[in-house]
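K.L.:
Below is a structure I'd like to ask you about.
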Amino acid sequence: MGATVAQVESHGVDWELRLERDDVLPGTTVKGRVALAAPDGIAGRGIVAALVATEQWRYRESYTDSQGHVQTRTVTTTDELLRLPVQLSGPITLAPGERRELDLEVPVAPLGPATLEANASRLTWDLEVKLDREGAFDSKIVVPVRVLQPTALLRAGVVHVGEFALYEAADSATGEARATLEIKPMPICIGAPIDGALTVETDGELDLQEVRLELRVKVKATVPSGEEEELTVWVGRLAGEGRFGGASRTIPFRADIPALYLPTIELPHGRTDATCHVILAKAWARDAHLVRDVAICSTTEI
438 MGATVAQVES HGVDWELRLE RDDVLPGTTV KGRVALAAPD GIAGRGIVAA
488 LVATEQWRYR ESYTDSQGHV QTRTVTTTDE LLRLPVQLSG PITLAPGERR
538 ELDLEVPVAP LGPATLEANA SRLTWDLEVK LDREGAFDSK IVVPVRVLQP
588 TALLRAGVVH VGEFALYEAA DSATGEARAT LEIKPMPICI GAPIDGALTV
638 ETDGELDLQE VRLELRVKVK ATVPSGEEEE LTVWVGRLAG EGRFGGASRT
688 IPFRADIPAL YLPTIELPHG RTDATCHVIL AKAWARDAHL VRDVAICSTT
738 EI
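Take any residue in the sequence shown, note its place counting from 1, add 437, and you have its number in the numbering used here.
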């Protein structure tokens with residue numbers, strides 16, 4: 438989190454916008470102060486601030502080119518999902534060189550949705566402050582903000598997650614191995630550390646290149662022919678090359694999760710699902726994957 442200061446000139450108005458913080462919780466407010474000045478003077482019907490959510494998603498479509506061949510292309514669709522306006526001022530007139538400052542406090546929707554920064558599906562928020570003018574172009578300043586996904590919304594069931602995604606410990610198995618992967622805290626929070634332990638047992642010793650743990654997020658556009666992408670958020674090595682396995686053993690680990698805005702989320706046209714993969718990497722055979730569902734939040738604030 439942090440304060441934001443932005444300046445811009447738009448249609449004869451010099452704007453300055455100061456925000457107390459540029460990442461906010463659902464159900465709270467974006468707070469700050471806006472200043473505007475017009476070197477040549479200006480008048481307007483009012484000043485309106487709005488928090489605007491924009492959803493974007495990608496899908497594949499087929500078309501016939503000019504030569505009659507069927508081709509496939511990626512289409513990106515954008516939709517304004519929410520607009521939460523607040524009137525800051527009624528009719529206003531600024532004399533040449535006059536500067537006017539106003540406090541602003543704009544509500545954030547109680548359920549978000551949270552910011553998602555991916556390609557197949559994406560959700561962004563902007564704070565827009567504009568001078569509404571009759572018969573002329575509106576003047577405005579637009580600043581990006583992030584809405585966070587709190588633990589409370591995930592635990593409340595607002596987002597559907599895997600059966601054991603919110604449990605600290607969960608079991609998984611392949612044909613030759615069985616494991617319990619414990620992660621604290623759960624949900625996993627971006628930009629924060631986790632502690633965990635892998636307890637694993639195999640049918641005899643295995644000749645492995647390594648044992649590694651990967652945190653992955655699958656992002657999907659939930660429309661016909663919607664695109665998907667799987668992003669690896671973090672990778673850690675739990676054991677090196679050599680003989681591994683047999684009787685049950687426990688391997689503790691600790692990780693610092695990068696601050697990537699890939700929370701567990703459901704959108705009108707997209708969603709994400711997070712998993713942890715314990716990978717038993719083999720030199721001349723297919724790797725074995727022990728997979729469990731997890732959930733990701735973007736803040737531990739209440």
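Heads up, the beta-carbon is just placed ideally off N, CA and C, and yes, glycines get one too.
#1: So the candidates are GLN444, ALA692 and HIS448; which of them puts its Cα closest to the Cα of ARG455?
#2: Output the distance between the C-alpha atoms of LEU590 and VAL596, rounded to the nearest integer angstrom.
#3: I think GLU453 touches GLY469, with their Cβ atoms under 8 Å apart; what is that distance to the nearest whole Å?
#4: Nearest-angstrom Cα distance between ARG520 and THR636?
#5: Touch check for the stretch 475-486 and the stretch 494-514: three-plus C-beta pairs under 8 Å?
#6: Is DSSP giving THR552 helix, strand or coil here?
#7: For LEU603, I'd like the list of residues in its chain whose CB is within less than 8 Å of its CB, leaving aside the five on either flank, ordered along the chain.
#8: Can you tell me which residues form a DSSP beta bridge with LYS468?
#9: Assign VAL461 to one of two classes, buried (16 or more other C-beta atoms within 10 Å of its C-beta) or exposed (fewer than that).
#10: The alpha helix (DSSP H) with ARG510 in it runs from where to where?
#11: Since ARG691 contacts LEU675 with CB under 8 Å, what's their CB separation in whole angstroms?
#12: Going by beta-carbon coordinates alone, are THR466 and PRO544 separated by less than 7 Å?
#13: Quick check: what's the CA-CA separation for GLY677 versus THR737?
#14: Between the beta-carbon of GLN493 and the beta-carbon of ARG559, is there less than 7 Å?
#15: Using the Cβ count rule (16 or more neighbours within 10 Å means buried), how would you classify ARG729?
#16: Which runs of the beta strand (DSSP E), 3 residues or longer, sit entirely within the stretch 664-729?
#17: Taking only three categories from DSSP, how would you classify ILE561?
#18: Taking a contact to mean a Cβ-Cβ separation below 7 Å, would you say LEU518 touches ALA490 in this structure?
#19: Report the option in ALA614, GLY612, LYS621 and THR530 whose CA atom is closest to the CA atom of ALA606.
P.N.:
Looking at the coordinates:
#1: Within the sequence shown, numbered from 1, the residue matching residue 455 stands at position 18. Cα-wise, what sits closest to ARG455 is GLN444.
#2: Reading the sequence shown from its first residue, position 153 is the one you call residue 590. Reading the sequence shown from its first residue, position 159 is the one you call residue 596. Taking the straight line from one Cα to the other gives about 7 Å.
#3: In the sequence shown, residue 453 corresponds to position 16, counting from 1. In the sequence shown, residue 469 corresponds to position 32, counting from 1. About 10 Å; that fails the 8 Å criterion.
#4: By one-based count along the sequence shown, residue 520 stands at place 83. By one-based count along the sequence shown, residue 636 stands at place 199. Those two C-alpha atoms are separated by around 48 Å.
#5: no
#6: Reading the sequence shown from its first residue, position 115 is the one you call residue 552. Three-state result, THR552: coil.
#7: The residue labelled residue 603 in the question sits at position 166 within the sequence shown. The residues are LEU591, ARG592, MET623, PRO624 and ALA732.
#8: Walking along the sequence shown from the start, residue 468 turns up at place 31. Answer is GLU542.
#9: Here residue 461 refers to the residue found at position 24 of the sequence shown. Buried, by the Cβ-count rule.
#10: If you number the sequence shown from 1, residue 510 lands on position 73. Note, ARG510: premise wrong, no alpha helix (DSSP H); beta strand (DSSP E) at 507-526.
#11: Counting from one through the sequence shown, the residue named residue 691 turns up at place 254. Counting from one through the sequence shown, the residue named residue 675 turns up at place 238. The pair is not a contact, with the Cβ atoms about 11 Å apart (cut-off 8 Å).
#12: Here residue 466 corresponds to residue number 29 of the sequence shown, with the count starting at 1. Here residue 544 corresponds to residue number 107 of the sequence shown, with the count starting at 1. In this structure, THR466 places its C-beta atom within 7 Å of the C-beta atom of PRO544.
#13: As a position in the sequence shown, residue 677 is number 240, starting the count at 1. As a position in the sequence shown, residue 737 is number 300, starting the count at 1. Across the structure, GLY677 and THR737 are spaced so that their CA atoms are roughly 33 Å apart.
#14: Residue 493 sits at position 56 when you count from the first residue of the sequence shown. Residue 559 sits at position 122 when you count from the first residue of the sequence shown. Contact flag set, yes.
#15: Counting from one through the sequence shown, the residue named residue 729 turns up at place 292. So ARG729 ends up on the buried side.
#16: 665-676, 679-682, 686-693 and 707-718
#17: For the purposes of this step, residue 561 is taken as the residue at position 124 of the sequence shown. Per the sequence presented here, residue 561 reads as Thr, with Ile not at that position. Three-state DSSP puts THR561 in a strand.
#18: For this step, residue 518 is matched to residue 81 along the sequence shown. For this step, residue 490 is matched to residue 53 along the sequence shown. Yes; because the gap between Cβ atoms is below 7 Å, this pair is in contact.
#19: Counting from 1 along the sequence shown, the entry for residue 606 is found at position 169. When each option's Cα is compared against that of ALA606, the closest is LYS621.
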